[in-house]
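Report on the following structure.
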Amino acid sequence: MKVLVLGGGGREHAIIRALHNDPAVTEIHNAPGNAGIAQDAIVHAVDANNPEATVVLAREIAADLIVIGPEAPLVAGVSDALREAGFAVFGPSQAAAELEGSKAFAKKVMEEAGVPTARALVATTEEEAAAALDEFGAPYVVKDDGLAAGKGVVVTEDRQAALAHAASCFAAGGSVVIEEYLDGPEVSLFVISDGKNVLPLSPAQDFKRIFNNDEGPNTGGMGAYTPLPWLPENFVTEVVEAVARPTVARMAERGTPFVGVLFCGLAVTSKGVRVIEFNVRFGDPETQAVLARLRTPLGSLLLAASRGEISEDMQLDWDPRTAVDVVMAAENYPDTPRKGDAISGLEAAAAIEGVHVIHAGTSVSGEEIITSGGRVLAVVALGENLEAARNAAYAGVDAIEWNGVQYRTDIALKAVENRISVPTP
Ligand code: AMP
Ligand code: GLY
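Read left to right, the sequence shown gives residues 7 to 431 (this note's numbering).
See the structure below:
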């Protein structure tokens, strides 16, 4: 099977790496690539967000399966164009991608499907925003109602800051969703959907803030680990029954079936599981950890989903070890990152037992691999337990260097120290 993976970030590199373990996959193509992907796939300089260009590329390759990584091509209708051209596509239609593209739409579907989530109000003016903030009280949660790659959300005790974020969204022509604050730890659960049947992957936890102790601005994600030793035993089954299945069923009833990964961003609160958000794709950097443990052939699984052939009796096969990944980012990320710095130590890191390096914002310049984005790479490690995996990942991080590199030193630390608990009512 020839697979085309669209998107050139860490998530896509992790998908490509997993595809290599599927004996049914004979050729892997990618657009637009990065320096690490170029070592593992045939890279094409094609704009992954352009429906026409991706159809031309898929025809050229004669792709048997197209896997769409990021949200931008999904929201741009790339999956629709490819499906209309007759290709098997893993990734939702433009209409179904609204579950991520519009937070207001996601709230509506959750309401229709009876899915538990934070109470929310939509505001389009500063007066409405102020009224909504006062209705829920502090801490305040204000979300830009559009695609913002996880960076459009402000959670703050400061009413002025909350109002200012709303005002900046209005100034840009948008609206905001203001929500009740959810207490409790966050979980990312990826659920593969073929439009009707669903299959959950292993739950992961992401670290959204740029600095240790969850301080500083939100990022796309600074690290992850899986599985989560502190979760209640029936957690995944509960989320499938209460969240994934009703959402997928409701999307089908609406005439916009959801084929792809339903990424359930969850809070495990004192009142039970609540959806924080849906994404319509694999999470980055959770995927780097989750797919490092998956032994079930990924290409065949995603092809089955694209054809409506997922069986819920299927047992996924997981590596019993724990996976941790630590993102190494460029100076000034998540603001405009510094680019063009030479990266050293990649081979030394990958030589450590259980460690591999997934590339995100990297490119090749002459003999060197240089930084070319905010999140530059993720060091992934498998270990016999969480502590061993974490130590190995940081040993890899210690081996890698460039000017201005930044990373969190506390990824998975609370879990290692048993400091995460699910709040009780
Ligand atoms: P989102 O883009 O909706 O995932 O939000 C980004 C981050 O903001 C989440 O991962 C949470 O850490 C935080 N967040 C979003 N909504 C809430 C909420 N209702 N209560 C508490 N934290 C939230
Ligand atoms: N890591 C969260 C996301 O991919 O949105």
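All C-beta atoms, glycine included, are put in the ideal place defined by N, C-alpha and C.
Let me know the secondary structure DSSP gives residue i once reduced to three states.
i: G156; result: The predicted position of G156 is uncertain, since its pLDDT is 49 and thus under 50; a value taken from the coordinates is nonetheless stated next. DSSP places G156 in coil when its eight states are reduced to three.
i: L237; result: coil
i: K202; result: coil
i: L10; result: strand
i: A101; result: coil
i: S174; result: helix
i: F288; result: coil
i: H26; result: coil
i: V49; result: strand
i: G389; result: strand
i: S85; result: helix
i: I316; result: coil
i: S306; result: helix
i: A68; result: coil
i: A348; result: strand
Might you give, ordered along the chain, the residues of its own chain that have their beta carbon closer than 7 Å to the beta carbon of residue i, omitting 5 neighbours on each side?
i: A129; result: A135, A138, A172, S181, V182 and I184
i: I67; result: K8, L10 and H35
i: A273; result: L188, G190, E192, R280 and I282
i: N337; result: This sequence places Glu at residue 337; Asn is not what is there. Taken in chain order, the residues that qualify are P343, R344, G410 and Q412.
i: D290; result: G15, G16, R17, G226 and G227
i: L25; result: V9, V31, I34, L304 and G305
Tell me, which residues are paired with residue i by DSSP?
i: F196; result: F269
i: G278; result: T275
i: R2; result: Any question about residue 2 goes unanswered here, given that the chain covers just 7 to 431.
i: H365; result: L383
i: Y231; result: Q211 and V330
i: W324; result: L300
i: D150; result: V182
i: F96; result: V73
i: S371; result: E374
Relative to the alpha-carbon of residue i, which residue among the options has its alpha-carbon at the smallest distance?
i: L237; options: V330, G190, E247 and S317; result: G190
i: G379; options: A387, E292, V95 and Q412; result: Q412
i: P79; options: T225, A311 and D53; result: D53
i: L205; options: G158, L268, D150 and A178; result: L268
i: R301; options: A248, Q321 and E292; result: Q321
i: D140; options: A395, V159 and E186; result: E186
i: C175; options: N40, V333, T131 and T123; result: T131
i: D101; options: G271, T162, R260 and N219; result: The residue asked about is misnamed: residue 101 is Ala in this sequence, not Asp. It is R260 whose Cα lies nearest to the Cα of A101.
i: G14; options: H26, M7, A30 and G39; result: G39
i: M116; options: R251, G410 and G97; result: R251
i: V9; options: V422, R17 and S306; result: S306
i: V81; options: D290, R65, E104 and F93; result: E104
i: G271; options: K345, F196 and L308; result: F196
i: L309; options: W408, V31 and N27; result: V31
i: S317; options: I417, G201 and A178; result: G201
i: G92; options: G402, S108, A110 and V62; result: V62
i: A44; options: G158, F217, I282 and S369; result: S369
i: I22; options: I417, E374, G278 and P303; result: P303
i: P6; options: R65, L297 and T262; result: As shown, the chain starts at 7 and ends at 431. That puts residue 6 outside it, with no answer to give.
i: G179; options: D150, K277, Q166 and D164; result: D150
i: V403; options: H362, K114 and G222; result: H362
i: V242; options: N218, I216, F217 and G278; result: G278
i: W408; options: A112, V249 and E374; result: E374
Inspect the beta-carbon positions of residue i and residue j and report whether they are closer than 8 Å.
i: G360; j: A405; result: no
i: L388; j: D325; result: yes
i: R256; j: A119; result: yes
i: V265; j: A335; result: no
i: R299; j: S208; result: yes
i: P429; j: T275; result: yes
i: L12; j: A37; result: yes
i: G16; j: A399; result: no
i: I364; j: A20; result: yes
i: E77; j: E106; result: yes
i: F288; j: G75; result: yes
i: I376; j: I349; result: yes
i: P122; j: A248; result: yes
Spatial neighbours of residue i within its chain, please: C-beta separation below 8 Å, excluding the five flanking residues on both sides.
i: G156; result: With a pLDDT of 49 at G156, under the threshold of 50, the modelled position of this residue cannot be trusted, and the question is left open.
i: A295; result: A210, A230, Y231, T232, A329, V330, D331 and V386
Would you say the beta carbon of residue i is closer than 7 Å to some non-hydrogen atom of the ligand FMN?
i: D140; result: Only the ligand AMP and the ligand GLY can be found as ligands here, which leaves the ligand FMN out of the picture.
Skipping 5 residues on each side, what residues in its chain have a beta carbon closer than 6 Å to that of residue i?
i: R125; result: E186
i: A354; result: A405
i: I426; result: P191, W236 and K420
i: T162; result: Y146 and A168
i: E2; result: No answer is possible for residue 2: the residues shown for the chain start at 7 and end at 431.
i: V254; result: S199, V204 and F264
i: V95; result: I72, S85, L88, R89 and S312
i: V148; result: V160, A168, H171, A172, V182 and I184
i: F142; result: E186
i: T60; result: V84
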